[in-house]
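> Numbering (our numbering), first residue to last: 73 to 329. Glycine included, every Cβ here is placed at the ideal spot set by N, Cα and C.
1. Just to check my reading of the structure: residue 212 and residue 143 have Cβ atoms closer than 8 angstroms, yes? What is that Cβ distance to the nearest angstrom?
2. Just to confirm, are residue 239 and residue 154 a CB contact at a threshold of 9 angstroms?
3. So, under 8 angstroms CB-CB, residue 306 and residue 236 are touching, yes? Tell me the CB distance rounded to an integer number of Å.
4. Under 9 angstroms between the Cβ atoms of residue 98 and residue 75?
5. If you reduce the DSSP assignment to three classes, tell me which class residue 208 lands in.
6. Work out the CA separation of residue 276 and residue 179 for me, nearest whole Å.
7. Measure the alpha-carbon distance for residue 95 versus residue 189 and round it to whole angstroms.
8. Is the beta carbon of residue 89 sitting closer than 9 angstroms to the one on residue 136?
9. Could you spell out the range, first to last residue, of the alpha helix (DSSP H) harbouring residue 159?
10. Note down the Cα distance separating residue 85 from residue 113, rounded to an integer number of angstroms.
11. In the DSSP assignment, find the unbroken alpha helix (DSSP H) run with residue 264 in it and report its ends.
12. Taking all protein chains shown into account, decide if residue 245 is buried (16 or more other Cβ within 10 angstroms of its Cβ) or exposed.
13. In its own chain, which residues sit with a C-beta less than 6 angstroms from the C-beta of residue 252, not counting the 5 before and 5 after it?
14. To the nearest angstrom, how far is it from the Cα of residue 93 to the Cα of residue 274?
15. Output yes or no for whether 9 angstroms exceeds the beta carbon distance between residue 214 and residue 184.
16. Less than 6 angstroms between C-beta atoms, sequence neighbours within five positions excluded: which residues of the same chain meet that for residue 314?
17. Considering only DSSP beta bridges, list what residue 147 is partnered with.
18. Assuming residue 138 and residue 127 form a contact by the criterion Cβ under 8 angstroms, report the distance between their Cβ atoms to the nearest whole angstrom.
19. On a CA-only basis, which of 110, 81, 197 and 176 is nearest residue 150? Give me that one, please.
20. Can you give me the Cβ contacts of residue 290 inside the same chain, cut-off strictly under 6 angstroms, excluding the 5 residues immediately before and after it?
21. Could you check if residue 281 is buried or exposed, using at least 16 other CB atoms within 10 Å of its CB as the buried criterion?
22. Who are the Cβ neighbours of residue 295 in its own chain at under 6 angstroms, not counting the five residues just before and after it?
23. Select from 278, 165 and 279 the residue whose C-alpha is nearest the C-alpha of residue 234.
24. Which same chain residues end up closer than 8 angstroms to residue 171 when comparing Cβ atoms and leaving out the 5 residues on each side of it in sequence?
25. Using CA coordinates, which residue listed in 243, 141, 109 and 83 is at the minimum distance from residue 77?
26. As a quick exercise: from 177, 147 and 187, pick the residue whose alpha carbon is nearest that of residue 161.
27. Short of 7 angstroms in beta carbon distance, which residues of its chain neighbour residue 260, apart from the five on each side in sequence? Order them along the chain.
28. What residues in its chain sit with their C-beta under 6 angstroms from that of residue 232, if we drop five residues either side in the sequence?
Next up, the structure:
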């Protein structure tokens, strides 16, 4: 079987090269969909052997589905620019690629564990279990969801692989805070479109619950200082989302695109 690696990117010049190089040995093509980068992302993708398509970024699911539509081969390996296929996972994927059709005919997708690194540390607890299907047949899976929380809907059997996908998340705390501002805005807009109203519970209780869930229930405290930062900033992002929802409601919803 033949595999297209699909990577969406927006201003990822410092990361795109490593992402491409991590998949070259286990895929038959690498496609990068650039969302309108103002840095050298597209040029570096080309220099690293990828084919580049451009689509103005509007949301994650449509961007990833566009990548699927542009891919040359029926099997898709979908990763983000801040992810790397580990050498061991690349060997697993390559073995599947070289297997017979009889070995894969009843499988729609392959899931594998994702190891997330934050502030220089592997996060084992705060963000919870992170096993996701990322290798799939284009006719049996599609990205769904909107505003950050996209997910792959798979029709059929999912087989689990054992080796990890590396996720090098926020570059530093400043990068984390910048993206929190974006994600909280998108989240507030989604709530407003769904008819939700701001409430004291939203911007007072839910942030406290979020911290408790990440730090205590998920045992984020076992991740040390990074686990505390994740829990605290996740709580703050929830509060921002509901405060921004309050602003949207006060303006009569005119901030919702």
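Let me lay it out:
1. Position 140 of the chain shown holds residue 212. Position 71 of the chain shown holds residue 143. Between residue 212 and residue 143, the beta carbon gap of about 14 angstroms keeps them out of contact (Cβ cut-off 8 angstroms).
2. Locating residue 239 in the chain shown gives position 167, counting from the first residue. Locating residue 154 in the chain shown gives position 82, counting from the first residue. Their beta carbons are under 9 angstroms apart, which means residue 239 touches residue 154 by this criterion.
3. Taking the chain shown and counting its residues from 1, one reaches residue 306 at position 234. Taking the chain shown and counting its residues from 1, one reaches residue 236 at position 164. Under the criterion of beta carbons closer than 8 angstroms, residue 306 and residue 236 do not qualify as touching, at roughly 23 angstroms.
4. Walking along the chain shown from the start, residue 98 turns up at place 26. Walking along the chain shown from the start, residue 75 turns up at place 3. The answer is yes: Cβ separation under 9 angstroms.
5. Residue numbering aside, residue 208 sits at position 136 when the chain shown is read from its first letter. Shown here, residue 208 sits in a strand according to DSSP, grouped into three states.
6. Here residue 179 refers to the residue found at position 107 of the chain shown. Here residue 276 refers to the residue found at position 204 of the chain shown. Roughly 45 angstroms separates the two Cα atoms.
7. In the chain shown, the residue the question calls residue 95 occupies position 23. In the chain shown, the residue the question calls residue 189 occupies position 117. Distance from the CA of residue 95 to the CA of residue 189, rounded to the nearest whole angstrom, comes to 19 angstroms.
8. By 1-based counting over the chain shown, the position of residue 89 is 17. By 1-based counting over the chain shown, the position of residue 136 is 64. Going by C-beta atoms, residue 89 is not nearer than 9 angstroms to residue 136.
9. On the chain shown, position 87 is the one that residue 159 refers to. In this chain, the alpha helix (DSSP H) harbouring residue 159 covers 159-169.
10. As a first step, residue 85 must be located in the chain shown, where it is residue number 13. As a first step, residue 113 must be located in the chain shown, where it is residue number 41. Straight-line Cα distance between these residues: approximately 4 angstroms.
11. In the chain shown, residue 264 corresponds to position 192, counting from 1. That run of the alpha helix (DSSP H) goes 245-265.
12. As a first step, residue 245 is located in the chain shown; it is residue number 173 there, counting from the start. That one is exposed.
13. Here the question's residue 252 lines up with position 180 in the chain shown. So the qualifying residues of the chain are 309.
14. Locating residue 93 in the chain shown gives position 21, counting from the first residue. Locating residue 274 in the chain shown gives position 202, counting from the first residue. Rounded to the nearest angstrom, the two C-alpha atoms are 43 angstroms apart.
15. Your numbering for residue 214 matches position 142 in the chain shown. Your numbering for residue 184 matches position 112 in the chain shown. Taking C-beta atoms as the reference points, residue 214 and residue 184 fail to come closer than 9 angstroms.
16. Within the chain shown, numbered from 1, the residue matching residue 314 stands at position 242. Cβ neighbours of residue 314 within its own chain (closer than 6 angstroms, five residues either side excluded): 270, 274 and 275.
17. For the purposes of this step, residue 147 is taken as residue 75 along the chain shown, with counting starting at 1. Residue 147 pairs with 75 and 209.
18. As a working mapping, residue 138 is identified with position 66 in the chain shown. As a working mapping, residue 127 is identified with position 55 in the chain shown. 5 angstroms between Cβ atoms; contact.
19. As a working note, residue 150 is residue 78 in the chain shown. If we check each option's Cα against that of residue 150, 81 comes out closest.
20. As a working note, residue 290 is residue 218 in the chain shown. Correct list, in chain order: 197, 198 and 200.
21. In the chain shown, the residue the question calls residue 281 occupies position 209. A residue is called buried when at least 16 other Cβ atoms come within 10 angstroms of its Cβ; residue 281 does not meet this threshold and is exposed.
22. Here the question's residue 295 lines up with position 223 in the chain shown. Here the set comprises 195, 197 and 198.
23. What you label residue 234 is simply residue 162 of the chain shown in a count that begins at 1. Ranked by Cα distance from residue 234, the first of 278, 165 and 279 is 165.
24. The count along the chain shown starts at 1 and reaches residue 171 at position 99. If we look at residue 171 and ignore the five residues flanking it on each side, its Cβ neighbours are 73.
25. Mapped onto the chain shown, residue 77 falls at position 5. Residue 77 has its Cα closest to that of 141, out of 243, 141, 109 and 83.
26. Residue numbering aside, residue 161 sits at position 89 when the chain shown is read from its first letter. Nearest C-alpha to residue 161: 187.
27. Residue numbering aside, residue 260 sits at position 188 when the chain shown is read from its first letter. Hits under 7 angstroms: 313, 316, 317 and 320.
28. Taking the chain shown and counting its residues from 1, one reaches residue 232 at position 160. The residues are 183.
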